[in-house]
Amino acid sequence: MKQSAPPTATVPGVSARFTIGQIVDLKKGKVLHFEQFIEEIASKEIIFVGEVHDNPEHHLIQIQIIQALIDHYGPVIVAMEIFQKPQQPSLDQYLKGDLTERDFLSEVNWRGEWGIDYHLYRPILLMAKRNRSKVLAINAPRDIVKKVARHGLKSLDSIERKSLAKEIDLSNKAHRDYVHRVYTHHAHKDLKRFDYFYEAQCVWEDSMAHNLVEYLKRNGGKLIVIIGNGHIVNRFGVPERTIRRLPVSMATVMPYALNQDEILKKEIADYVWVTPSYPHRSPHVPRIGKGPYRAEGSNGHNP
1121 MKQSAPPTAT
1131 VPGVSARFTI
1141 GQIVDLKKGK
1151 VLHFEQFIEE
1161 IASKEIIFVG
1171 EVHDNPEHHL
1181 IQIQIIQALI
1191 DHYGPVIVAM
1201 EIFQKPQQPS
1211 LDQYLKGDLT
1221 ERDFLSEVNW
1231 RGEWGIDYHL
1241 YRPILLMAKR
1251 NRSKVLAINA
1261 PRDIVKKVAR
1271 HGLKSLDSIE
1281 RKSLAKEIDL
1291 SNKAHRDYVH
1301 RVYTHHAHKD
1311 LKRFDYFYEA
1321 QCVWEDSMAH
1331 NLVEYLKRNG
1341 GKLIVIIGNG
1351 HIVNRFGVPE
1361 RTIRRLPVSM
1371 ATVMPYALNQ
1381 DEILKKEIAD
1391 YVWVTPSYPH
1401 RSPHVPRIGK
1411 GPYRAEGSNG
1421 HNP
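Take 1121 as the starting number for the sequence shown in my numbering and just add one per residue.
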């Protein structure tokens, strides 16, 4: 039986076809060697490296990028969506060796909060521990974001509201349209109003942006942000909300599982790292992750 050709990706206005394993500069429409890629992103103050949370290939890419930056340029700060800001003390204790891994996972309620295999993220934490790199918890408290998704921002009391970014931007129509496509793709039995769903998404992304900026203002350094693709696609999630607060240089890197021939829009990211087909989900079906307010597909965004 004749085997079908492996899938390829194209970029509008570029004749080349891109294949699995290649790193593509979307603006220039060209392939970069790993060393070229690292040299380009290393000059940035914030480097967003996306993921689909349960795709092992994407986490391997993150590890390669972090290690290369450490090897070439010394310690970096690894900021992680997977951890909520109130979990920072437990994270610090674990990285210092003052908390066992078992106790750490218990304190952050890993299984209850995410339900994702911890071993996908464990190498990043061990690498940070070995290199004495800071790991920053940047996410908003999950229970508060859930409350917003069900009842709206107006339902929060003053203490809950203070745990989030002061500025929550609901005005970006392109972003709202994107999130609406995710919302309408699913049945949400406990989410009756899209307005609340959208408020929750913006709460999440503005709060992560706020936490990144507050850290940089106090400490400086180079931030590598490990985050779902849906929060960085087209930059209108966390990246734009970050740069609006602080004019920093940044790059967005999106690992992208290529399940079939696809056209990659130039604006989805600065760089795409093409990865093999990931059979668990179609790249065209966005999903809501654990918790009823998550906007991500198998590549973390709508095509």
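We treat Cβ as the ideally placed atom computed from N, Cα and C, and that holds for glycine.
Cα-Cα, which of the options is closest to residue i?
i, options, result
"Val1448", "Gln1321, Thr1372, Lys1385 and Ser1283", "With the chain covering 1121 to 1423 only, the question about residue 1448 has no answer from this structure."
"Asp1390", "Arg1137, Pro1126 and Phe1157", "Phe1157"
"Ile1347", "Tyr1214, Lys1293 and Ala1257", "Ala1257"
"Trp1393", "Ser1124, Gly1133, Leu1152 and Arg1361", "Leu1152"
"Asn1349", "Leu1290, Val1358 and Leu1343", "Val1358"
"Ile1166", "Thr1139, Ile1352, Asp1145 and Ala1320", "Ile1352"
"Asp1326", "Pro1176, Thr1395, Val1169 and Arg1364", "Arg1364"
"Tyr1193", "Asn1339, Glu1159 and Tyr1214", "Glu1159"
"Glu1287", "Leu1146, Met1328 and Thr1128", "Met1328"
"Arg1313", "Ile1244, Ala1129 and Leu1273", "Leu1273"
"Pro1367", "Lys1337, Met1247, Leu1240 and Val1131", "Lys1337"
"Val1299", "Trp1324, Ser1397 and Arg1281", "Trp1324"
"Val1255", "Arg1242, Val1265 and Asp1263", "Arg1242"
"Ser1283", "Thr1128, Glu1382, His1179 and Pro1261", "Pro1261"
"Ser1163", "Lys1385, Met1370 and Ala1294", "Met1370"
"Arg1361", "Phe1203, Ser1226, Cys1322 and Arg1281", "Cys1322"
Is it buried or exposed for residue i, if we count other Cβ within 10 angstroms and need 16 for buried?
i, result
"Ser1135", "exposed"
"Glu1171", "buried"
"Arg1355", "buried"
"His1173", "buried"
"Leu1378", "buried"
"Ile1161", "buried"
"Gln1142", "buried"
"Glu1201", "buried"
"Pro1375", "buried"
"Asn1259", "buried"
"Phe1154", "exposed"
"Ile1215", "Reading off the sequence, residue 1215 comes out as Leu, not Ile. Buried, because 16 or more other Cβ atoms sit within 10 Å of the Cβ of Leu1215."
"Ala1320", "buried"
"Arg1137", "exposed"
"Thr1116", "Any answer about residue 1116 is impossible in this case: the structure gives the chain only from 1121 up to 1423."
Kindly indicate the opening and closing residues of the beta strand (DSSP E) around residue i.
i, result
"Gln1204", "Ile1197 to Gln1204"
"Thr1372", "Met1370 to Ala1377"
"Thr1139", "Thr1139 -> no beta strand (DSSP E), and no H or E assigned at all."
"Val1169", "Ile1166 to Val1169"
"Lys1150", "Lys1150 to Leu1152"
"Gly1391", "Here residue 1391 turns out to be Tyr, not Gly, going by the sequence shown. Segment Tyr1391 to Thr1395, the beta strand (DSSP E) holding Tyr1391."
"Ile1346", "Leu1343 to Ile1346"
For residue i, collect the residues of the same chain with a Cβ closer than 6 Å to its Cβ; drop the 5 residues on either side in sequence, then sort them by chain order.
i, result
"Val1228", "Gln1207 and Ser1210"
"His1330", "Ala1285"
"Leu1219", "Gln1213"
"Pro1126", "none"
"Ile1181", "Pro1375 and Trp1393"
"Asp1381", "Pro1127 and Thr1128"
"Asn1292", "Phe1356"
So, at 8 Å on beta carbons, what are the nonlocal neighbours of residue i in its own chain, with the 5 sequence-adjacent residues on each side left out?
i, result
"His1271", "Tyr1316"
"Val1196", "Ile1186, Leu1189, Ile1190, Ser1253, Gly1341, Lys1342, Leu1343 and Ile1344"
"Lys1410", "No answer about Lys1410 holds up, because its pLDDT of 41 lies below 50 and its placement is not dependable."
"Ser1124", "none"
"Ser1275", "Lys1267 and Val1268"
"Tyr1398", "Val1172, Asn1175, Glu1177, Ala1377, Asn1379 and Ser1418"
Hey, could you find the ends of the alpha helix (DSSP H) residue i is sitting in?
i, result
"Leu1314", "Here residue 1314 turns out to be Phe, not Leu, going by the sequence shown. That run of the alpha helix (DSSP H) goes Phe1314 to Asn1339."
"His1192", "Pro1176 to Tyr1193"
"Ala1294", "Lys1293 to Thr1304"
"Arg1355", "It is not in any alpha helix (DSSP H) - Arg1355 carries neither H nor E in the DSSP assignment."
Tell me whether residue i, by its Cβ, gets closer than 6 Å to a heavy atom of the ligand ADP.
i, result
"Asp1223", "The ligand ADP is absent from the structure shown, which contains no ligands of any kind."
Excluding the 5 residues flanking residue i on each side, which residues of the same chain have their C-beta closer than 7 Å to its C-beta?
i, result
"Arg1296", "Tyr1318"
"Met1247", "Ile1183, Ile1186 and Gln1187"
"Asn1422", "Caution is warranted here: a pLDDT of 38 is assigned to Asn1422, below 50, making its placement in the model unreliable, and the coordinate value is therefore given only provisionally. Taken in chain order, the residues that qualify are Tyr1298, Arg1301, Val1302 and Pro1406."
Within 7 Å of any Cβ in chain D, is that where the Cβ of residue i sits?
i, result
"Tyr1238", "The chain labelled as chain D is not found in the depicted structure, where only one protein chain is given."
- Item | Entirely enclosed alpha helix (DSSP H) segments - the region 1201-1284, minimum 4 residues | Within the region 1201-1284, the runs of alpha helix (DSSP H) that reach at least 4 residues and sit entirely inside it are, in chain order, 1208-1216, 1221-1227, 1230-1233, 1242-1251, 1262-1271 and 1278-1282.
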